[in-house]
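Input: a single structure, listed below in structure tokens.
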Amino acid sequence: MRLNSFLASCGVASRRKSELVIFSGRVQINGKIILMPFYDVKDDDVVTVDGQKVSLPEKFLYYVLNKPAGYVCAVSDKYDPVILDLLPDKNDARLFPVGRLDKDSEGLIIVTNDGKFTQSVLHPSSNIKKTYEALLNLPVNDKKLSIWQRGFKNSDGHLLKPLSVKILKREPENFWVSVEIIEGLKREVRLMARNAGFNVKRLIRRKIGKMTLKDLAVGDFVELSISDLQYKIFSGGTV
């Protein structure tokens, strides 16, 4: 990138005014004064203005993954593979997962380096629902479904209650349910299932908001722009 454009992108001044900053001898690259506005700035160059380092704004990245079981939703882990291992080598981007899925769960997870976006998705005021599909160890009946729908208080006194729980038409019949929640507390779906008398054999997050997992194979990912991602979450779309 040309030096005048680089300075403008860093917020030093407009491109034209950045040229005046350069001509005045206030800009150094790797410790040397540069007086050429069209100097080609390399990725590893250290650029300073009046002795203060300047750099381009961080580029935000947005990935949607179909998480496999066995991966941890963390940046690093001493014992298990993490979901960042499924992405291209983006160590410099400081990526992190948006929310979590436990190690044994599968399905949709967003990975980004945009903290503001993350807060907008996770904050309760956004009312973004998450939809899970759970394979149970026992068939569901109306009594068990009523217990699940009623919810229960955990050891902290917090009410764990789904927005909805429905039997899915899928083999094996009456073993699959769709569970819609909004908070996403740790192991919430599994805890609700246990309270209703079930163990969860497989758990897949199918939807975040209105974004639906459809085409992504297990372990695959897609990179989206923030506008595409927000549209899929709030207006509807598939990955």
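In the numbering used here, the protein residues as written are 284 to 522. For each residue, glycine too, the CB sits at the ideal point set by N, CA and C. Since this is a predicted model, take the numbers as computed values, not measurements.
Straight-line Cα distance separating residue 378 from residue 489:
The residue you call residue 489 lines up with position 206 of the sequence shown. The residue you call residue 378 lines up with position 95 of the sequence shown. One C-alpha to the other measures close to 22 angstroms.
Contact set for residue 460: own chain, Cβ-Cβ below 7 angstroms, skip 5 residues either direction
As a working note, residue 460 is residue 177 in the sequence shown. Around residue 460: 417, 419, 423, 448, 449, 450 and 451.
If you draw a straight line from the C-alpha of residue 329 to the C-alpha of residue 313, how long is it?
To locate residue 329, count along the sequence shown from 1; it is residue 46. To locate residue 313, count along the sequence shown from 1; it is residue 30. Answer to the nearest angstrom: the Cα atoms are 5 angstroms apart.
Would you list, in sequence order, the uninterrupted beta strand (DSSP E) runs of no fewer than 3 residues that lie entirely inside the stretch 345–379?
Correct list: 345–350.
Below 8 angstroms on the Cβ atoms is my contact criterion, and I expect residue 396 with residue 344 to pass it. Report the Cβ-Cβ distance as a whole number of Å.
The residue labelled residue 396 in the question sits at position 113 within the sequence shown. The residue labelled residue 344 in the question sits at position 61 within the sequence shown. Right, their Cβ atoms sit about 6 angstroms apart.
Counting Cβ pairs closer than 8 angstroms, one from the stretch 489–506 and one from the stretch 389–404, do we hit at least three?
Proximity of the stretch 489–506 to the stretch 389–404 meets the contact definition, three or more beta-carbon pairs being nearer than 8 angstroms.
According to DSSP, is residue 323 helix, strand or coil?
Here residue 323 is taken as the residue at index 40 of the sequence shown, counted from 1. The answer is strand: DSSP assigns residue 323 an E or B state.
Whole-Å CB distance - residue 468 paired with residue 443, under 8 angstroms assumed
On the sequence shown, residue 468 is found 185 positions in, with the first residue counted as 1. On the sequence shown, residue 443 is found 160 positions in, with the first residue counted as 1. Between residue 468 and residue 443 a beta carbon distance of about 7 angstroms is seen, short of the 8 angstroms cut, so the two are scored as contacting.
From what residue to what residue does the beta strand (DSSP E) around residue 504 run?
Residue 504 sits at position 221 when you count from the first residue of the sequence shown. From DSSP, the beta strand (DSSP E) with residue 504 extends over 504–506.
For residue 292, which residues from the same chain have a beta carbon less than 8 angstroms from its beta carbon, with the 5 sequence-adjacent residues on both sides left out?
Walking along the sequence shown from the start, residue 292 turns up at place 9. Taken in chain order, the residues that qualify are 284, 339 and 340.
Residues in its own chain within less than 7 angstroms of residue 510 by CB, not counting five upstream and five downstream?
Residue 510 sits at position 227 when you count from the first residue of the sequence shown. There are no such residues.
Is the stretch 305–325 touching the stretch 351–366 in the sense that three or more CB pairs, one from each, lie closer than 8 angstroms?
no
Given residue 287, which residues of its chain have a CB within under 6 angstroms of its CB, disregarding the five upstream and five downstream residues?
Within the sequence shown, numbered from 1, the residue matching residue 287 stands at position 4. Around residue 287: 298, 301, 302 and 320.
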